[in-house]
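To start, the structure itself, in structure tokens.
Protein chains: 2
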Amino acid sequence: MEPLTQRQQQVLELITEHIERHGFPPSHRELMLSLGVRSQLAILKHLRALERKGHLVCQPGSSRGITLANRPPRPAMLPIVGSVRAGSPAEALEDTLGYCAADPAWTRGADCFYLRVSGDSMIEAGIQDGDLALVRCQSTAENGEIVVAMIDGQATLKRYYREEGRIRLQPANAALQPIIMEGHQMAGFSIAGRLLKIIRDYR
Amino acid sequence: MEPLTQRQQQVLELITEHIERHGFPPSHRELMLSLGVRSQLAILKHLRALERKGHLVCQPGSSRGITLANRPPRPAMLPIVGSVRAGSPAEALEDTLGYCAADPAWTRGADCFYLRVSGDSMIEAGIQDGDLALVRCQSTAENGEIVVAMIDGQATLKRYYREEGRIRLQPANAALQPIIMEGHQMAGFSIAGRLLKIIRDYR
DNA sequence: GTGTCAGGTATTTATTTGAATACCTATCAT
DNA sequence: ATGATAGGTATTCAAATAAATACCTGACAC
Numbered sequence: 184m185e186p187l188t189q190r191q192q193q194v195l196e197l198i199t200e201h202i203e204r205h206g207f208p209p210s211h212r213e214l215m216l217s218l219g220v221r222s223q224l225a226i227l228k229h230l231r232a233l234e235r236k237g238h239l240v241c242q243p244g245s246s247r248g249i250t251l252a253n254r255p256p257r258p259a260m261l262p263i264v265g266s267v268r269a270g271s272p273a274e275a276l277e278d279t280l281g282y283c284a285a286d287p288a289w290t291r292g293a294d295c296f297y298l299r300v301s302g303d304s305m306i307e308a309g310i311q312d313g314d315l316a317l318v319r320c321q322s323t324a325e326n327g328e329i330v331v332a333m334i335d336g337q338a339t340l341k342r343y344y345r346e347e348g349r350i351r352l353q354p355a356n357a358a359l360q361p362i363i364m365e366g367h368q369m370a371g372f373s374i375a376g377r378l379l380k381i382i383r384d385y386r
Numbered sequence: 184m185e186p187l188t189q190r191q192q193q194v195l196e197l198i199t200e201h202i203e204r205h206g207f208p209p210s211h212r213e214l215m216l217s218l219g220v221r222s223q224l225a226i227l228k229h230l231r232a233l234e235r236k237g238h239l240v241c242q243p244g245s246s247r248g249i250t251l252a253n254r255p256p257r258p259a260m261l262p263i264v265g266s267v268r269a270g271s272p273a274e275a276l277e278d279t280l281g282y283c284a285a286d287p288a289w290t291r292g293a294d295c296f297y298l299r300v301s302g303d304s305m306i307e308a309g310i311q312d313g314d315l316a317l318v319r320c321q322s323t324a325e326n327g328e329i330v331v332a333m334i335d336g337q338a339t340l341k342r343y344y345r346e347e348g349r350i351r352l353q354p355a356n357a358a359l360q361p362i363i364m365e366g367h368q369m370a371g372f373s374i375a376g377r378l379l380k381i382i383r384d385y386r
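Just so you know, the protein sequences line up as chains A and B, in that order.
Numbering of the first sequence is given in the working numbering, commencing with residue 184 and proceeding in unit increments.
Numbering of the second sequence is given in the working numbering, commencing with residue 184 and proceeding in unit increments.
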């Protein structure tokens, strides 16, 4: 992107700051005063330059019609669910315990949610009781991926392996046996999502 | 907070949506059209009602002067630092590798940063090589807390114990010995911050 | 019945605002 | 020297806009 002059940078910051503080962009005259300038044309030129360089878009004929461009995608607040019932989609989430921020780079626009982990079945994968798991909603998975598996309405975090004619859900805990499902047992089974992140509190 | 009528809820949603899409609030006339209404006074009354009920603030005499209230604190994007040099404050952070979202409930307004963990010295505390550590900037700590310790300009993540006349930095790894500092060794030592969260990627 | 309130129409007015014109002053590369 | 560019002053004008006035409708409580 074309570089900004010091003055243009200053104007852009003034606009950003005004939006931060008031929730709407400044008018040309307000920018005049903020900038300590006595001409509206000076402002207009700056806006045109900033628009030409791609930092904002001016809505013609609209008061305060300044739309900032290149705004980094802001983090979403995703629900922390206590239980994951039924199918996979978002409406199946029950008992929202609260909300937690998720970096846009984590979700990449995909449908995700947080799950509070209970139990030590994945302890050897570094997942502890009480951890917060960021889960991407999806109904399939690759072998070896950690998934939120739904078995008869119960959610559990396990490693997923599809083998000949059966599915193996492998805990990461030497004290526990894998869950094997074959034949009619597969009916009550589905994948709610795949584990993306683990967030742990040390406070 | 006083409840909204259906119509008022609709107006509030229209305003929020307009701000989302354009970066600035709608004018009275634009709201008129969106709402399918032929009177500006109807809009004015709705705005007054929403203002009275505390959902927004209207800047008198200012076009599009609508400031939404009750905006939830948005997640900040904190820098991921590769090395933590010198003192403790933010300007001492070097080599910004990128940025990552932080929930406002994590930082609670405190000065924080992310640190990419290297090494397995804290493996038994569930902290692995490559994990992302959310660190709260502070220069003191309680016994047993996990801190980012600065030793002669090198950053390291250890459990902190202040004992008689010395400081012990305890790894969580049976294969490693604690770092003991006493006397003149204390000169090159400081605490950069305290561990708040660990974030791990499972992608 | 009567008052209150949410919601509405139609119209007018004063102000805010974007946009334009004409012209000026530096800096800088050619 | 000369043109291009960033930045500026002073002034004007028309459109966008907030705000006000007078009045209407229906639901609902008392």
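Using N, Cα and C, we set each Cβ at its ideal position, and we do this for glycine too.
A quick note: this is a predicted structure, and the numbers were derived from the prediction, not measured.
Helix, strand or coil for residue i, going by three-state DSSP, please let me know.
i	result
glycine 381 (chain A)	For clarity, residue 381 (chain A) is isoleucine in the given sequence; the question names glycine instead. Three-state result, isoleucine 381 (chain A): strand.
serine 271 (chain A)	Since pLDDT at serine 271 (chain A) reaches only 40, below the 50 mark, its modelled position is unreliable, and the value read off the structure follows with that caveat. In this structure, serine 271 (chain A) counts as coil in the three-state DSSP scheme.
glutamate 213 (chain A)	helix
leucine 280 (chain A)	strand
serine 265 (chain A)	Before going on, a small fix: residue 265 (chain A) reads as glycine here, not serine. In the structure shown, glycine 265 (chain A) sits in a strand (DSSP, three-state: E or B).
methionine 305 (chain A)	coil
leucine 251 (chain B)	strand
alanine 324 (chain A)	coil
alanine 375 (chain A)	strand
leucine 218 (chain B)	helix
glutamine 368 (chain A)	helix
To which residues does DSSP link residue i through a beta bridge?
i	result
lysine 341 (chain A)	A:Val330
glutamine 353 (chain A)	A:Arg342
leucine 317 (chain B)	B:Tyr297 and B:Lys380
methionine 183 (chain B)	The requested residue 183 (chain B) is not part of the displayed model; chain B covers only 184 to 386.
For the beta strand (DSSP E) that contains residue i, what are its first and last residues?
i	result
isoleucine 202 (chain A)	Counting along the chain, isoleucine 202 (chain A) falls outside any beta strand (DSSP E), though it belongs to the alpha helix (DSSP H) covering 189-205.
isoleucine 363 (chain A)	362-365
valine 240 (chain A)	239-241
Hey, quick one: how far does the alpha helix (DSSP H) through residue i stretch, first residue to last?
i	result
glutamate 234 (chain A)	223-235
threonine 290 (chain B)	287-290
Compute the beta-carbon to beta-carbon distance between residue i and residue j, rounded to the nearest angstrom, for a pair I have assumed lies under 8 Å.
i	j	result
serine 246 (chain B)	arginine 377 (chain A)	That pair is no contact at about 48 Å.
serine 304 (chain A)	asparagine 356 (chain A)	5 Å
arginine 342 (chain B)	glutamate 365 (chain B)	Arginine 342 (chain B) to glutamate 365 (chain B), Cβ: 17 Å. No contact.
glutamine 223 (chain B)	histidine 205 (chain B)	In fact, because the Cβ distance is near 20 Å, the residues do not count as touching under 8 Å.
proline 186 (chain A)	isoleucine 198 (chain A)	Incorrect: roughly 18 Å between the Cβ atoms, too far for contact.
leucine 340 (chain B)	isoleucine 310 (chain B)	7 Å
Interface residues of chain A around residue i at Cβ under 7 Å?
i	result
lysine 380 (chain B)	Ile382, Arg383, Asp384 and Tyr385
arginine 247 (chain B)	Phe207, Ser246 and Arg247
cysteine 283 (chain B)	Asp286
threonine 339 (chain B)	Simply none; closest approach about 16 Å.
serine 304 (chain B)	In chain order: nothing, as chain A lies at least about 15 Å away.
Who are the neighbours of residue i on chain A, taking C-beta pairs under 8 Å?
i	result
glutamine 311 (chain B)	Gly309
Kindly list, in the order they appear in chain A, the residues whose Cβ is closer than 9 Å to that of residue i.
i	result
proline 361 (chain B)	Those within 9 Å of proline 361 (chain B) in chain A number zero; the least Cβ separation is about 19 Å.
isoleucine 226 (chain B)	None at all; the shortest Cβ gap to chain A is about 16 Å.
Quick one: list the residues of chain B neighbouring residue i, beta-carbon separation under 7 Å, in chain order.
i	result
leucine 251 (chain A)	Gly206
proline 258 (chain A)	Pro258 and Ala284
Could you name the residues of chain B that residue i contacts, counting a contact when the two beta carbons are closer than 8 Å?
i	result
isoleucine 374 (chain A)	Within chain B, no residue comes near isoleucine 374 (chain A); the closest Cβ sits about 15 Å away, beyond 8 Å.
isoleucine 329 (chain A)	Tyr385
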